[in-house]
Structures are given as structure tokens and as C-alpha cells.
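Using the numbering used here, read the sequence shown as starting at 2 and increasing by one per residue. Beta carbons are placed, not taken as given, at the ideal position from N, Cα and C, and that holds for glycine. For reference, the structure discussed in these notes is given below.
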Amino acid sequence: MKLIKYILFIITLIIAVVFIQELHSINVLSDGITHVMIKIPYFTDALGFEDGLLTWQAIIFALSIGVFIGFIIALIQIISQKAEIISLKSTQRKLNDELDLLRNKSLDDDLDLIDDENIGDEL
């Protein structure tokens with residue numbers, strides 16, 4: 002199953018690379034030489050890309066940012082789940098200790114037992 006998953010992942014990567022190369026070759030201005038540039042606000046000014054990014058660079062940049070944000074969200078969820086598990090284990094340990102104390106507690110011997118024969122007489 003893992004082999005099939007890896008093969009599908011590699012095929013997806015190859016298709017993505019072919020798509021990005023085709024996109025790069027299609028996005029040419031009318032002069033046939035100059036490629037289309039994409040300007041991203043705050044990014045192009047800060048890094049010195051005054052003209053903008055090529056289309057394939059913009060796509061890879063957007064996908065990379067999305068993957069990075071996804072990893073951060075997953076990491077936060079894992080950390081919060083681990084904290085919840087630790088809290089639940091602590092509560093379980095406390096409840097187990099209390100249950101053990103209740104099991105070991107002696108019963109009172111002052112219980113009055115009623116015979117079945119006397120129950121019918123009382124009714």
C-alpha cells in the first residue's frame with residue numbers, strides 16, 4: 002500500500018512539473034520573449050522583485066506557503082491533543098487511586114440482616 006502511495010505521489014509531482022513548465026511557456030507576452038510577471042503585495046517590494054515573479058515561481062511560492070501553514074496548524078493540534086491526553090491521564094490516575102482506597106476500606110459490621118421469612122410477616 003505504501004508503494005502505491007509513493008508511486009502516486011511521484012506521478013503527481015511529475016504531472017505538476019509538466020503543468021508548471023507548460024504554464025511558463027504559455028504565459029509569454031505578445032513580443033514572444035517577455036514572460037508574464039505576477040506582483041505579490043508586500044513581497045515584491047521587500048525582496049527586490051520590483052518586476053514581480055514569474056508565474057511558476059508565484060505558484061510554487063503560494064503552494065509552499067500553504068504547506069507551511071498546514072504544518073504549523075497540524076503541529077498546534079498535535080500539541081493541544083497531547084496536553085489534553087496528559088490531563089486526562091492525570092485525572093484517571095487520581096480516580097484510580099480513589100477507587101483503590103474505596104476498595105480497601107473495610108465495611109461496617111453493624112449491618113442488620115433480615116431473613117426472607119420475616120419479610121413476609123412484616124407485610
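On the three-state DSSP scale, how would you describe residue i?
i	result
leucine 30	coil
isoleucine 41	coil
Cβ atoms of residue j and residue i: under 7 angstroms apart, would you say?
i	j	result
glycine 53	isoleucine 39	yes
valine 18	asparagine 28	no
Cα-Cα, which of the options is closest to residue i?
i	options	result
leucine 30	Leu55, Met2 and Tyr7	Leu55
threonine 35	Pro42, Ile41 and Ser26	Ser26
lysine 57	Gln93, Glu23 and Thr13	Per the sequence shown, the amino acid found at residue 57 is tryptophan instead of lysine. Closest by alpha carbon: Glu23.
isoleucine 61	Leu14, Met2 and Lys3	Leu14
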